[in-house]
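Input: a single structure, listed below in structure tokens.
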Amino acid sequence: MTLEQRLNAVEGHISSTLQSLGRSRDEVTLVVVTKNHPVDLAVELYGLGIRDFGENRDQEAQPKASEFAQLVAGANPTWHFVGQLQSNKAKSVASYADVVHSVDRESLLIALEKATVERTKPLDVFLQVNLTTDLGRGGVNPAELEAFAERVAAASGLNLLGIMAVAALDEPLEGEFEKIAKLSQKLIAVAPNAKFISAGMSQDYETALAYGATHLRIGTAITGKRNY
């Protein structure tokens with residue numbers, strides 16, 4: 001299949017799933033994860049109507065965003081940083097990213113606050129929650145969600161959009177996304193405008209949509225095999 005065919009297939013699945021749920025297509029943002037692919041792929045996707053791109057490593061994303069701007073005159077893409085973010089990379093990421101999906105600790109929050117001083121508009125962020133006991137996965141402990149959410153919501157230069165989580169591979173999918181939906185309600189109780197849910201990837205986005213996902217992070221189902 002070509003890139004366009006894969007994109008159309010995924011778009012078709014998204015639309016049909018949303019229709020069956022009584023949800024509108026414009027409720028959902030499709031973020032195409034272009035990590036480990038050359039900038040040319042992002043340019044081609046832009047020509048196919050994609051405006052939201054996801055990257056997870058600053059050393060790849062920063063030059064890619066810069067080159068993209070040079071290749072597509074007048075372009076208005078939205079760059080989403082979807083990977084774990086080191087505090088010492090916050091300034092660089094804040095210089096090109098429009099959205100960071102992985103805010104999960106105080107040190108990163110402080111670094112992003114400092115990094116956004118030079119921005120002309122707030123940096124949109126998602127609060128990442130860890131659904132597992134594996135601390136290496138990143139994300140705040142669900143028990144600490146409300147307290148950390150209050151801190152993020154009050155942070156200068158940041159706009160809290162909602163919650164982000166990755167479903168555990170060894171757990172039933174529906175149970176995982178139900179957890180995310182419940183945690184989203186807890187977040188909304190603290191920050192009423194933080195109503196968005198970044199959840200759902202190539203292998204599970206249809207289930208994620210059934211539990212209220214608003215931002216899908218889809219890579220290989222659209223981009224094909226990556227260049228590792």
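Under UniProt numbering, think of the first position of the sequence shown as 1, with each following residue one higher.
Glycine included, C-beta positions come from ideal geometry on N, C-alpha and C.
Since we're looking at a predicted model, the values are computed, not measured.
How far does the alpha helix (DSSP H) with residue i in it extend, from its first residue to its last?
i	result
Thr207	Tyr205 to Ala210
Leu108	Glu106 to Ala115
Ser15	Leu3 to Leu21
Asp58	Asp58 to Leu71
Gly83	Premise fails: Gly83 is in no alpha helix (DSSP H) and is neither H nor E.
Gly200	Counting along the chain, Gly200 falls outside any alpha helix (DSSP H), and DSSP gives it neither H nor E.
Which value, in whole angstroms, describes the spacing of the CA atoms of residue i and residue j?
i	j	result
Arg57	Leu7	23 Å
Gly49	Pro122	25 Å
Thr120	Tyr96	12 Å
Val82	Glu206	19 Å
Trp79	Ile14	21 Å
Ala210	Ser198	13 Å
Lys91	Lys35	20 Å
From which residue to which residue does the beta strand (DSSP E) around residue i run?
i	result
Asn159	Leu158 to Met164
Arg217	His215 to Ile218
Leu127	Leu123 to Gln128
Could you say which of the options lies nearest to residue i if we only look at CA atoms?
i	options	result
Gly200	Ala191, Ala189 and Gly212	Gly212
Phe61	Phe148, Ala194, Ala168 and His37	According to the sequence displayed, residue 61 carries Ala and not Phe. Answer by Cα proximity: His37.
Glu27	Ala221, Ile222 and Phe196	Phe196
Ser66	Val39, Gln84 and Ser102	Val39
Ser184	Leu18, Val31, Leu30 and Ala149	Ala149
Leu161	Phe68, Thr223 and Thr29	Thr29
Ile110	Val140, Ser16, Gly157 and Gln70	Gly157
Ala168	Gly138, Gln59 and Thr17	Gly138
Can you check whether the CB of residue j is closer than 8 Å to the CB of residue i?
i	j	result
Arg51	Asn76	yes
Val33	Arg217	yes
Glu113	Ala154	no
Ile180	Leu127	no
On the CB-based measure, 16 or more other CB atoms within 10 Å of its CB, does residue i come out buried or exposed?
i	result
Asp204	buried
Met1	exposed
Gly219	buried
Val117	exposed
residue 243	There is simply no residue 243 to check, as the chain begins at 1 and stops at 228 in what is shown.
Thr214	buried
Ala189	exposed
Gly74	exposed
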